[in-house]
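Remarks on the structure that follows.
Number of protein chains: 2
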Amino acid sequence: MENVNLAEKFSGFTSHWDPKIVGEVNGHDVKVVKFRGSFVWHRHEQEDELFLVHKGCFTMEFRDRHVALEEGEFIIVPRGTEHRPVAEEEVHVLLFEPATTVNTGDAESDQTVNEPERI
Amino acid sequence: MENVNLAEKFSGFTSHWDPKIVGEVNGHDVKVVKFRGSFVWHRHEQEDELFLVHKGCFTMEFRDRHVALEEGEFIIVPRGTEHRPVAEEEVHVLLFEPATTVNTGDAESDQTVNEPERI
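Chains as they are written, first to last, in this note's numbering: chain A, 9 to 127; chain B, 9 to 127.
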């Protein structure tokens with residue numbers, strides 16, 4: 009049982025759309041990820057996903073609207089809902105999601121990371 | 009699907025050791041809570057608990073050692089592990105735990121909150 013410093017974890021990698029596992033709680037992973045640019049449209053059939061902005065800002069796009077997210081804000085995307093994160097500038101995001109969750113959901117692409125690294 | 013601003017949620021109440029539900033994800037609650045002083049020693053038999061410091065600092069005491077937590081740091085307390093949060097000054101904490109989790113675990117006391125409010 010150690011304290012985990014988020015800034016330190018974020019400083020440990022530079023890649024985008026490449027989630028890293030930093031903790032596990034009740035079958036859920038705590039992940040850190042850097043976004044920049046546009047992700048692929050996708051949905052997760054079985055998993056709700058929480059996105060908490062640690063540093064920066066981004067927009068979560070849904071098919072019918074966009075939600076702007078700033079530092080210290082989170083959004084929960086319910087299972088089955090198509091979404092696409094878009095970040096004009098680099099943003100640091102904390103994710104809570106079931107350990108089974110693949111980042112691109114139903115949309116396998118070159119952005120898919122099947123086995124995130126633990127850091 | 010709305011953005012939830014943590015600072016705004018924390019500004020909505022002043023009580024200590026009184027968790028408020030601010031989101032739900034896969035049967036887990038996202039809660040905000042203010043600590044000040046010492047909590048009761050307790051454990052959760054079935055639930056791991058994540059504590060993320062939003063503002064301030066506190067110490068998570070275990071029977072054999074203490075872990076200091078600062079802003080932007082989290083700790084995961086595994087199920088079955090006795091613990092006690094202690095905060096010299098007020099601290100704002102985000103919790104991520106199964107919706108079944110009662111704050112005082114096996115140690116019912118006047119600090120027990122059986123049905124946290126949703127804010």
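Every residue gets a Cβ at the ideal spot worked out from N, C-alpha and C, and that includes glycine.
Tell me the residue span of the beta strand (DSSP E) that contains A15 (chain A). A15 (chain A) -> not in any beta strand (DSSP E); alpha helix (DSSP H) instead, spanning L14 to F18.
Run through DSSP, which three-state label would P27 (chain B) get? Three-state result, P27 (chain B): coil.
Contact list for V75 (chain A) against chain B, beta-carbon separation under 8 Å: Those within 8 Å of V75 (chain A) in chain B are M9, E10 and N11.
Tell me, to the nearest whole angstrom, how far the beta carbon of V94 (chain B) is from that of E69 (chain B); I am working on the premise that it is less than 8 Å. 6 Å
What separation, rounded to the nearest whole angstrom, lies between the Cα atoms of F66 (chain B) and R87 (chain B)? Counting only the Cα atoms, R87 (chain B) lies some 20 Å from F66 (chain B).
Between the Cα of V110 (chain A) and the Cα atoms of A:H50, A:E81, A:H74 and A:F18, which residue gives the shortest distance? A:H50
Which residue spans inside the stretch 30–97 of chain B form an unbroken beta strand (DSSP E) run of at least 3? 36–46, 57–63, 66–69, 74–77 and 81–85
Quick check on this structure: which residue in B:L58, B:L102, B:T112 and B:K63 has the alpha carbon closest to the alpha carbon of S46 (chain B)? Minimum Cα distance to S46 (chain B) is reached at B:T112.
CA-to-CA distance, N11 (chain B) to D118 (chain A), given in whole angstroms: 28 Å
Whether E55 (chain A) touches E125 (chain A) by CB criterion (7 Å): no
Distance between beta carbons of A107 (chain A) and H52 (chain A), contact taken as under 8 Å: Rounded, the Cβ-Cβ distance is 13 Å, inconsistent with contact.
Is the beta carbon of L58 (chain B) sitting closer than 7 Å to the one on G80 (chain A)? Judged by their CB atoms, L58 (chain B) and G80 (chain A) are not nearer to each other than the 7 Å cut-off.
Counting only Cβ-Cβ distances shorter than 9 Å, please list the residues of the stretch 81–102 of chain A near chain B, keeping chain order. Within the stretch 81–102 of chain A, contact with chain B at the beta-carbon level (separation under 9 Å) is assigned to E81, F82, I83, I84, V85, P86, R87, T89, H91 and L102.
Which residues, taken in chain order from the stretch 55–69 of chain B, show a beta carbon closer than 7 Å to some beta carbon of chain A? E55, D56 and L58
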